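**Q** The structure's right below; bear with me while I get my questions together.
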Amino acid sequence: MRLPDHLAPAPHPSDHVCSGVRLTLDDGVERTYLLDLLACAGKRCGTYEARVHLAHILARQGYRAAWLAEFTGLPLTAAQRITDLAAQP
Numbered sequence: 009m010r011l012p013d014h015l016a017p018a019p020h021p022s023d024h025v026c027s028g029v030r031l032t033l034d035d036g037v038e039r040t041y042l043l044d045l046l047a048c049a050g051k052r053c054g055t056y057e058a059r060v061h062l063a064h065i066l067a068r069q070g071y072r073a074a075w076l077a078e079f080t081g082l083p084l085t086a087a088q089r090i091t092d093l094a095a096q097p
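Listed below in structure tokens is the structure:
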């Protein structure tokens, strides 16, 4: 599916690094999860999981890891990693 031109992400330089985080979720496999699907569209640099994206948005708004874990169903360790990442400038 192609996004309409006004919604398409800006082109990235070839050395672009997608915003992602290494996490182990419910299946026990560690992988890179994207924090922003549109910023990395078509780059295949990670796995998109809506709960991770949502948790990152909420963590940037100040929600705490324990609440995020309960609200999204993510493991507490994953929610803590996301909040730590969101707190970085």
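Residue numbers for the sequence shown follow our numbering, beginning at 9 and rising by one.
Where a beta carbon is used, it is the ideal one built from N, C-alpha and C, also for glycine.
These figures come from a predicted structure and were not determined experimentally.
According to DSSP, which residues form a beta bridge with residue 41?
**A** Against the sequence shown, residue 41 aligns to sequence position 33. DSSP output for residue 41 lists 29, 55 as bridge partner(s).
**Q** Just checking my contact of residue 77 with residue 67 at CB under 8 Å: how many whole Å lie between their CB atoms?
**A** To locate residue 77, count along the sequence shown from 1; it is residue 69. To locate residue 67, count along the sequence shown from 1; it is residue 59. Not really, about 11 Å apart at Cβ, beyond 8 Å.
**Q** So, residue 32 versus residue 42, is the Cβ gap smaller than 8 Å?
**A** On the sequence shown, position 24 is the one that residue 32 refers to. On the sequence shown, position 34 is the one that residue 42 refers to. Not a contact, by the Cβ cut-off of 8 Å.
**Q** Helix, strand or coil for residue 96? Go by DSSP, reduced to three states.
**A** For the purposes of this step, residue 96 is taken as the residue at position 88 of the sequence shown. Reduced to three states, the DSSP call for residue 96 is coil.
**Q** Since residue 64 and residue 94 should fall inside the 8 Å C-beta cutoff, what is the C-beta to C-beta distance between them, to a whole number of angstroms?
**A** On the sequence shown, position 56 is the one that residue 64 refers to. On the sequence shown, position 86 is the one that residue 94 refers to. Contact flag correct, Cβ pair sits at about 6 Å.
**Q** Counting C-beta neighbours from all protein chains within 10 Å, is the total for residue 89 16 or more, i.e. buried, or is it exposed?
**A** Residue 89 sits at position 81 when you count from the first residue of the sequence shown. Looking at its Cβ environment, which holds 16 or more other Cβ atoms inside 10 Å, residue 89 is buried.
**Q** Would you kindly work out how many angstroms separate the C-alpha atoms of residue 60 and residue 97, rounded to a whole number?
**A** Indexing the sequence shown from 1 puts residue 60 at position 52. Indexing the sequence shown from 1 puts residue 97 at position 89. Rounded to the nearest angstrom, the two C-alpha atoms are 19 Å apart.
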